[in-house]
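Here is the structure we will look at.
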Amino acid sequence: MSVFELLPERIRRLVEERGFISPTDPQAMGIEPILSGKNVLIIAPTGTGKTEAAILPILSKMPSGMLLYITPLRALNRDLMERISWWANKLDLRVSVRHGDTPKSEREAQRIAPPDILVTTPETLQIMLMGRKLREILSSVKYVVVDEVHELASSKRGAQLSLALERLRDLTGGFQIVGLSATVGNPDEVARFLVGSAEECVIVDVSSKKSMSIEVVYPEPSDSDRRIAERIYLDPDVVARMSYILKLMDSAKSMLIFVNTRPMSEILGNRFKLLNSRIPVEVHHGSLSAEERRKTEEWLKSGRIKAVICTSSLELGIDVGTVEVVVQYNSPRQVSKLIQRVGRSGHKFYEVSRGFVLVINSDDALETLSIARRALNGEVEAVRIPKNPMDALMHEIAGLLLLKARLTVDEIAAHVRRSYNYRNMSYDDLIKLLEFIGNHPARIAGFNGIELYRINKRWLYKYFFDEISMIPDTKQYLVVEEREKLPVGLLDEPFVAEKGKPGERFILSGRAWEVVSVNEGVLYAREVEESIGAVPSWIGEEIPVPKEIAEEVGRIRRFIEENREKGIERISEELSLVYPADKKFIERAIKPIYIHSQFYPVPTDKRIVLEKWRDLVIIHITGGTLINRAIARYLAAKLPPPVAVSEDPYRIYIKAEHIRTRDVISELSPENFGEEVRKTVESSGLFKFRFLHTARKMGIIEKGADVTSSMLEKLIISMRDSVPYMEAFNYTIDMDMDVRGAEEILRMVKRGAIEVVDLGDLERPTPIADEGIRWQFGRVELIKSDKKEIVEREKLRMRLLSRRITLICTSCLSYADELIIGEIDEPVCKKCGSRRLAPVKMGVDEAEILLMKARDGREDKELRKARKWGKIVEKEGKKALIAYSAGLSLREAEEAISGDDIYEFALKTIRKKILRRYSVY
1 MSVFELLPER IRRLVEERGF ISPTDPQAMG IEPILSGKNV LIIAPTGTGK TEAAILPILS
61 KMPSGMLLYI TPLRALNRDL MERISWWANK LDLRVSVRHG DTPKSEREAQ RIAPPDILVT
121 TPETLQIMLM GRKLREILSS VKYVVVDEVH ELASSKRGAQ LSLALERLRD LTGGFQIVGL
181 SATVGNPDEV ARFLVGSAEE CVIVDVSSKK SMSIEVVYPE PSDSDRRIAE RIYLDPDVVA
241 RMSYILKLMD SAKSMLIFVN TRPMSEILGN RFKLLNSRIP VEVHHGSLSA EERRKTEEWL
301 KSGRIKAVIC TSSLELGIDV GTVEVVVQYN SPRQVSKLIQ RVGRSGHKFY EVSRGFVLVI
361 NSDDALETLS IARRALNGEV EAVRIPKNPM DALMHEIAGL LLLKARLTVD EIAAHVRRSY
421 NYRNMSYDDL IKLLEFIGNH PARIAGFNGI ELYRINKRWL YKYFFDEISM IPDTKQYLVV
481 EEREKLPVGL LDEPFVAEKG KPGERFILSG RAWEVVSVNE GVLYAREVEE SIGAVPSWIG
541 EEIPVPKEIA EEVGRIRRFI EENREKGIER ISEELSLVYP ADKKFIERAI KPIYIHSQFY
601 PVPTDKRIVL EKWRDLVIIH ITGGTLINRA IARYLAAKLP PPVAVSEDPY RIYIKAEHIR
661 TRDVISELSP ENFGEEVRKT VESSGLFKFR FLHTARKMGI IEKGADVTSS MLEKLIISMR
721 DSVPYMEAFN YTIDMDMDVR GAEEILRMVK RGAIEVVDLG DLERPTPIAD EGIRWQFGRV
781 ELIKSDKKEI VEREKLRMRL LSRRITLICT SCLSYADELI IGEIDEPVCK KCGSRRLAPV
841 KMGVDEAEIL LMKARDGRED KELRKARKWG KIVEKEGKKA LIAYSAGLSL REAEEAISGD
901 DIYEFALKTI RKKILRRYSV Y
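Heads up, the sequence shown is in full-length UniProt numbering, so the first residue is 1 and it goes up one at a time.
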């Protein structure tokens with residue numbers, strides 16, 4: 001019998017009308033326990049019908065009680081509204097969405113006539129729990145669905161949500177909860193996080209049921225790629241990867257190209273524009289406006305573009321239509337990331353999800369092979385759930401205090417410990433937090449050891465609503481070339497916190513830079529020729545590689561070394577039986593290791609190797625990102641200054657003239673390691689960024705306040721051992737490093753389970769070291785200094801030509817369209833033939849409303865401005881559109897068009913405006 005037979009007749013009819021012939025696995029296994037009222041966690045890939053698995057049994061019980069559907073992204077709210085509305089409308093149920101951008105009129109309508117189904121975000125739930133009328137509405141909630149549970153569980157947003165759900169449970173007297181999650185390695189723990197004090201939870205895990213095809217590709221440059229590389233000043237290997245993507249694009253109707261960081265999405269997007277401005281590809285990441293992201297999603301869905309270069313912004317279930325193929329550019333670094341991303345293709349349950357991973361070097365290739373093998377075998381890493389985050393808890397207590405003027409310690413403790421994140425919170429830690437709140441500079445509350453009581457309700461209210469979100473507020477720093485005062489690009493606050501000290505080197509805009517100074521949101525830098533020691537600007541955003549993956553790469557290396565007498569072809573053949581790649585691919589991937597094994601001991605999971613080349617000591621440890629980061633910070637503190645350290649999952653780099661390999665070996669001891677690392681944390685940029693975020697979230701630094709580096713350092717010293725200090729400290733130790741894992745490696749060294757080999761000073765780096773140096777210090781990414789202005793102009797030209805622009809006809813007032821500038825030969829109205837088209841900063845729908853008002857004789861400021869642009873477009877044609885797209889004013893546009901080179905003029909003008917915005921003169 002089909003599980004659909006368990007549903008009431010009215011739901012069964014709709015199931016048939018919707019075209020559901022037979023249930024998918026999540027539906028077959030999830031509907032029955034949800035129907036019977038149990039709490040359920042459904043773990044399944046995207047596109048397997050898990051949303052319907054959750055809502056169909058709940059709809060079967062409605063209109064008895066309200067359904068609250070919580071998603072981590074507003075964009076998911078929009079998609080879910082459309083999806084759920086179909087069912088709700090057929091059942092005469094009201095469905096509504098509520099988040100920060102919901103119009104006041106709609107919020108008021110929800111208050112007067114509460115919906116049966118409300119789709120919202122964790123932050124909006126926090127706000128709703130504060131309002132008297134909204135609390136009344138929420139008191140009727142009987143069902144809660146939490147979407148993308150894995151995403152929330154791994155962050156402080158999840159801790160905040162778990163506390164809010166306990167408050168909701170008090171308000172309602174209890175509710176049934178259903179969680180929807182991607183594949184995770186610790187389903188039991190994620191289930192406990194989901195249900196909190198409710199305890200009982202049925203786990204429906206069908207994550208292994210969806211078919212996946214994963215192909216790992218290592219493109220080699222052709223003669224054509226080399227010619228193109230020379231023309232656009234790129235490395236031939238980079239062009240080879242782009243050519244491979246273009247071939248896939250030719251044979252697929254739609255594709256997603258995933259990268260690991262926002263800067264890399266922009267870099268790759270610019271490279272495609274350099275190659276050809278007409279390539280139908282757009283960029284999508286969290287720093288773009290919601291409108292830009294929405295437009296890109298719609299264009300992919302409608303077929304106007306064929307591909308989107310994206311970060312994790314499209315990893316979750318946002319509807320972009322049918323995706324035929326997923327490309328992962330570089331290693332995905334984690335199994336869960338690969339499964340989630342590849343799962344975006346073949347969106348229907350019975351379709352095979354097709355994914356291609358394009359790797360850049362030997363490390364990348366072996367790492368990806370390990371990840372792909374694990375993905376196909378269902379070996380997924382665990383979600384790391386934050387323990388006792390104090391900033392999220394202080395915010396929760398502030399909310400409780402707004403609702404009740406006095407709270408006893410026992411009341412607070414009982415509430416807090418029902419949340420999975422705080423289940424083991426000690427009484428002493430809670431008292432410390434309450435004492436901190438009682439002694440807060442703003443005097444929001446008093447604490448007498450037994451009760452916390454409200455003092456300043458106005459400030460308490462301001463704090464609660466200002467810090468409603470646990471997402472870090474990160475600002476960006478403008479990088480300015482020190483001598484000529486030219487803007488170079490932007491760096492995120494965490495990167496500047498970690499690498500923004502004078503003398504530190506970094507890669508940005510294809511060039512190597514050295515920090516001169518940082519002042520009020522501006523980082524001044526000088527260009528340097530030597531890139532060794534210069535860290536790529538996107539490195540801070542990189543997803544950490546787990547130690548299990550890095551150790552497997554070490555085991556593959558060990559296998560190569562132990563079997564080198566068999567020859568590279570035989571080794572490749574044997575590895576191809578274990579890993580999802582052919583012999584030819586594996587042969588290329590292992591070549592540097594095989595060559596290395598002929599001359600040097602190979603760094604493996606059982607061997608640490610040290611070498612020195614020039615002023616760079618390289619310690620080969622296959623520990624993964626967090627272990628290597630912990631050891632790197634420890635060595636930076638133990639070795640005599642000046643030293644600069646950085647790390648990747650397989651190496652630690654120490655840049656210092658005076659340091660020898662044997663100096664490093666003498667420090668590789670487990671004795672007091674944890675204690676020593678903890679001593680070094682305070683001076684690290686990572687900790688400073690975490691402290692800045694925590695201090696903001698705990699009301700020490702006001703929202704929007706600018707904090708200089710020296711101010712921050714003084715604040716840290718003054719607050720040492722305070723609750724905000726310890727929260728930032730513990731988060732850095734627990735989430736940004738793996739101190740225990742690092743200690744274990746050093747203990748294995750001490751007892752001889754891992755050997756240490758010292759190669760001393762070398763004339764050139766070993767093959768395995770060279771692989772790391774080339775990527776870590778960006779040597780393959782650099783643009784020659786004599787070509788930089790040519791490249792900058794060409795990048796701007798291609799970017800402007802590829803921009804979408806809304807045009808209206810200021811003659812007939814009846815035509816509006818959105819076009820790509822590069823595809824316009826000459827701007828002409830398709831209705832009346834006039835050349836008086838004007839660009840406007842709005843979508844087509846808004847433009848049509850503007851024209852309708854104009855036809856009714858209601859001209860506004862926007863249309864008057866458009867008429868002026870229309871005259872320039874009529875006279876100058878496409879050049880005027882290019883000038884508008886570059887953000888030039890009417891006067892600047894006329895000057896640019898009359899000059900020798902519109903792009904050069906635009907580049908200079910844009911640079912001047914950026915400098916003015918950041919008050920650089």
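Quick reminder that beta carbons are idealized off the backbone N, C-alpha and C, glycines included.
Alpha-carbon to alpha-carbon, Ile-560 and Asp-363: As a first step, residue 363 must be located in the sequence shown, where it is residue number 363. As a first step, residue 560 must be located in the sequence shown, where it is residue number 560. Cα-Cα distance, rounded: 14 Å.
Validate contact between the region 160–177 and the region 196–206 using beta carbons, cut 8 Å, 3 pairs: With contact defined as three or more Cβ pairs closer than 8 Å, the region 160–177 and the region 196–206 are in contact.
Beta-carbon gap between Arg-262 and His-285 smaller than 7 Å: Residue 262 sits at position 262 when you count from the first residue of the sequence shown. Residue 285 sits at position 285 when you count from the first residue of the sequence shown. Inclusion of Arg-262 and His-285 in the CB contact set at 7 Å is warranted, their separation being smaller than that value.
Leu-746 vs Phe-673 beta-carbon contact at 7 Å: Here residue 746 refers to the residue found at position 746 of the sequence shown. Here residue 673 refers to the residue found at position 673 of the sequence shown. Yes. Within cutoff.
Entirely enclosed alpha helix (DSSP H) segments - the region 86–144, minimum 4 residues: 104–112, 122–128 and 132–138
Residue 923 to Asp-188 span [Cα, whole Å]: As shown, the chain starts at 1 and ends at 921. That puts residue 923 outside it, with no answer to give.
Where Val-206 falls: helix, strand or coil (DSSP): As a first step, residue 206 must be located in the sequence shown, where it is residue number 206. Val-206: coil per DSSP, three-state reduction.
CA-to-CA distance, Gly-704 to Leu-274, given in whole angstroms: Working through the sequence shown from its first residue, we reach residue 274 at position 274. Working through the sequence shown from its first residue, we reach residue 704 at position 704. Whole-angstrom Cα-Cα distance: 37 Å.
Start-to-end residues for the beta strand (DSSP E) that takes in Phe-258: The sequence position of residue 258 within the sequence shown is 258, counting from 1. Where Phe-258 is concerned, the enclosing beta strand (DSSP E) stretches over 255–258.
Beta bridge counterpart(s) of His-284 as assigned by DSSP: Mapped onto the sequence shown, residue 284 falls at position 284. His-284 pairs with Cys-310.
Proximity winner among Phe-258, Arg-911, Trp-613 and Ser-419, relative to Leu-358 (alpha-carbon distances): To locate residue 358, count along the sequence shown from 1; it is residue 358. Of the candidates Phe-258, Arg-911, Trp-613 and Ser-419, the one whose C-alpha sits nearest the C-alpha of Leu-358 is Phe-258.
Proximity winner among Gly-158, Lys-301 and Thr-408, relative to Thr-121 (alpha-carbon distances): Stepping through the sequence shown from its first residue, residue 121 is reached at position 121. Ranking Gly-158, Lys-301 and Thr-408 by Cα distance to Thr-121 puts Gly-158 first.
Assumed close pair Ile-621, Ile-608 - CB separation to whole angstroms, cut-off 8 Å: Along the sequence shown, read from residue 1 onward, the residue named residue 621 stands at position 621. Along the sequence shown, read from residue 1 onward, the residue named residue 608 stands at position 608. Confirmed, Cβ separation roughly 5 Å.
Nearest-angstrom Cα separation, counted from Asn-424 out to Arg-132: If you number the sequence shown from 1, residue 132 lands on position 132. If you number the sequence shown from 1, residue 424 lands on position 424. If you take the alpha carbons of Arg-132 and Asn-424, they lie about 32 Å apart.
Start and end residues, alpha helix (DSSP H) containing Arg-891: Sequence index remark: in the sequence shown, residue 891 carries index 891 (1-based). Run containing Arg-891: 890–898, per the alpha helix (DSSP H) assignment.
Where Arg-779 sits in the DSSP three-state scheme: Taking the first residue of the sequence shown as position 1, residue 779 is located at position 779. Low per-residue confidence applies at Arg-779: pLDDT is 46, beneath 50, and the placement is therefore not dependable, though the value from the model is reported in the following sentence. In the structure shown, Arg-779 adopts helical secondary structure according to DSSP, grouped into three states.
Local conformation of Lys-501 per DSSP, three classes: The sequence position of residue 501 within the sequence shown is 501, counting from 1. DSSP places Lys-501 in coil when its eight states are reduced to three.
Cα-Cα separation between Trp-459 and Pro-472, rounded to whole angstroms: Here residue 459 refers to the residue found at position 459 when the sequence shown is read from its first residue. Here residue 472 refers to the residue found at position 472 when the sequence shown is read from its first residue. Approximately 21 Å, taken between the alpha carbons.
Selection from Ala-589, Phe-465, Asn-730 and Ile-733 that minimises the alpha carbon distance to Ile-127: Taking the first residue of the sequence shown as position 1, residue 127 is located at position 127. Nearest C-alpha to Ile-127: Phe-465.
Closest Cα partner of Ile-593 within the set Val-518, Phe-447 and Ala-769: What you label residue 593 is simply residue 593 of the sequence shown in a count that begins at 1. Nearest of Val-518, Phe-447 and Ala-769 to Ile-593, Cα basis: Ala-769.
Ala-53 - DSSP class collapsed to helix/strand/coil: For the purposes of this step, residue 53 is identified with residue 53 of the sequence shown, where counting begins at 1. Ala-53 falls in the helix class under three-state DSSP.
Stretch pair the region 626–644 + the region 476–496: three plus CB contacts closer than 8 Å: Too few Cβ pairs lie closer than 8 Å, so no.
Presumed contact (8 Å Cβ cut-off) between Leu-610 and Val-617, rounded CB distance: The residue labelled residue 610 in the question sits at position 610 within the sequence shown. The residue labelled residue 617 in the question sits at position 617 within the sequence shown. Rounded, the Cβ-Cβ distance is 7 Å, consistent with contact.
Contact between the region 717–724 and the region 635–651 (3+ Cβ pairs under 8 Å): By the Cβ test, the region 717–724 is not in contact with the region 635–651, since fewer than three Cβ pairs between them sit closer than 8 Å.
DSSP-derived helix/strand/coil call for Thr-909: For the purposes of this step, residue 909 is taken as residue 909 along the sequence shown, with counting starting at 1. In the structure shown, Thr-909 sits in a helix (DSSP, three-state: H, G or I).
Coil, strand or helix - Ala-525 by DSSP: Residue 525 sits at position 525 when you count from the first residue of the sequence shown. If DSSP states are grouped into helix, strand and coil, Ala-525 belongs with the strands.
Residue environment, Gly-100, which counts as buried when at least 16 other CB atoms sit within 10 Å: The residue labelled residue 100 in the question sits at position 100 within the sequence shown. When all chains shown are included, Gly-100 counts as exposed.
Coarse secondary structure for Gln-334, derived from DSSP in three states: To locate residue 334, count along the sequence shown from 1; it is residue 334. Correct three-state label for Gln-334: coil.
Beta-carbon separation (whole angstroms), Leu-851 vs Ser-811, contact threshold 8 Å: Taking the sequence shown and counting its residues from 1, the one referred to as residue 851 is at position 851. Taking the sequence shown and counting its residues from 1, the one referred to as residue 811 is at position 811. Not really, about 11 Å apart at Cβ, beyond 8 Å.
Beta-carbon proximity list for Glu-569, same chain, < 8 Å, skipping 5 on both sides: As a first step, residue 569 must be located in the sequence shown, where it is residue number 569. Closer than 8 Å at Cβ, skipping near neighbours: Lys-583 and Glu-587.
Endpoints, alpha helix (DSSP H) assigned at Gly-741: Within the sequence shown, numbered from 1, the residue matching residue 741 stands at position 741. If you look at Gly-741, you'll find it in the alpha helix (DSSP H) that goes 739–750.
For Gly-355, the first and last residue of its enclosing beta strand (DSSP E): Within the sequence shown, numbered from 1, the residue matching residue 355 stands at position 355. For Gly-355, the enclosing beta strand (DSSP E) stretches over residues 353–358.
Cβ shell of Ala-53 (< 7 Å), same chain only, five flanking positions each side left out: Along the sequence shown, one-based indexing puts residue 53 at 53. Excluding sequence neighbours, Ala-53 sits near Pro-26, Gln-27, Gly-30, Ile-31 and Ile-42.
Test item: CB-CB of Leu-164 and Met-249 under 7 Å: Here residue 164 corresponds to residue number 164 of the sequence shown, with the count starting at 1. Here residue 249 corresponds to residue number 249 of the sequence shown, with the count starting at 1. Reading off the sequence shown, one finds Ala at residue 164, where the question assumed Leu. No, they are not a contact pair.
Ile-371 versus Tyr-650: straight-line alpha-carbon distance, rounded: Your numbering for residue 371 matches position 371 in the sequence shown. Your numbering for residue 650 matches position 650 in the sequence shown. Approximately 15 Å between the Cα atoms of the pair.
contact_flag[the region 500–515, the region 722–730] where n(CB pairs < 8 Å) is 3 or more: no
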